[in-house]
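A.B. asks: Before I ask anything, let me first share the structure, which is written out below as C-alpha cells.
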Amino acid sequence: MLDPDADLGRRAWLPCPRCCCDDGCSTCALGSSPELHWRYLLANEARLVFLQCPGCLHRWWHDTGPGVGDTQSNPDQLPESPASPGQAA
5 MLDPDADLGR RAWLPCPRCC CDDGCSTCAL GSSPELHWRY LLANEARLVF
55 LQCPGCLHRW WHDTGPGVGD TQSNPDQLPE SPASPGQAA
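Plus 4 on top of the position in the sequence shown (first one is 1) and you've got our numbering.
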C-alpha cells in the first residue's frame, strides 16, 4: 500500500534494495537521475532518509553517509518507521 505521506514533490534517486528495478540502467550507471528510477522521500532524520519504492512499495531507511563533522552511525540503531497521519506512533 502506498504510504499516505508519499508525495511526487518529495523524491530521491536511490536504488531500491528489494526490486533493484534500476539494475542495468545506463543513465543510472553514469550517475545521472533518470525520470524512471526515483523513490518517494517520506521522512528524514539528519542524514537518514525514509523511502518508498513506487514499483514494489517497499519502505526502508537509507543512511546517506557522513557529512562534514558527522560521525559514522550504527546501522542497528535506525529510527522506527514514521507514524502515518492519524496513526499512533
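A virtual CB, placed ideally from N, CA and C, is assigned to each residue, including glycine.
Here's a check: name, in chain order, each residue in its chain whose Cβ is nearer than 6 Å to the Cβ of L109, leaving out the five neighbours to either side.
C.D. replies: Limits of the chain in this structure are 5 at one end and 93 at the other, which puts residue 109 out of reach.
A.B. asks: Just to confirm, is the Cβ distance from L40 to M5 under 8 Å?
C.D. replies: On the sequence shown, residue 40 is found 36 positions in, with the first residue counted as 1. On the sequence shown, residue 5 is found 1 positions in, with the first residue counted as 1. No, the pair does not count as a contact, with Cβ atoms beyond the cut-off.
A.B. asks: For G71, tell me which candidate among W17, R22 and R51 has the shortest Cα-Cα distance.
C.D. replies: Within the sequence shown, the letter at position 67 stands for residue 71. Among W17, R22 and R51, the Cα nearest to that of G71 belongs to R51.
A.B. asks: Straight-line CA distance for R15 to N48?
C.D. replies: Position 11 of the sequence shown, counted from the start, is the residue given in the question as residue 15. Position 44 of the sequence shown, counted from the start, is the residue given in the question as residue 48. One C-alpha to the other measures close to 12 Å.
A.B. asks: DSSP three-state label for P43, please.
C.D. replies: Position 39 of the sequence shown, counting from 1, holds the residue named residue 43. The sequence given here places Arg at residue 43; Pro does not occur at that position. Strand.
A.B. asks: Distance, Cα to Cα, A93 vs C24?
C.D. replies: Along the sequence shown, one-based indexing puts residue 93 at 89. Along the sequence shown, one-based indexing puts residue 24 at 20. Any reading at A93 needs caution, since the residue's pLDDT is 43, under 50, leaving its predicted position unreliable; the model's value is listed next. Spanning the two alpha carbons is a distance of roughly 30 Å.
A.B. asks: Would you mind giving the Cβ-Cβ distance between P2 and Y44, rounded to the nearest angstrom? I have them listed as a contact below 8 Å.
C.D. replies: Because the chain here runs from 5 to 93, residue 2 falls outside it and cannot be looked at.
A.B. asks: Please report the straight-line C-alpha distance between S85 and G13, rounded to a whole angstrom.
C.D. replies: On the sequence shown, position 81 is the one that residue 85 refers to. On the sequence shown, position 9 is the one that residue 13 refers to. Cα to Cα, the separation comes out at about 20 Å.
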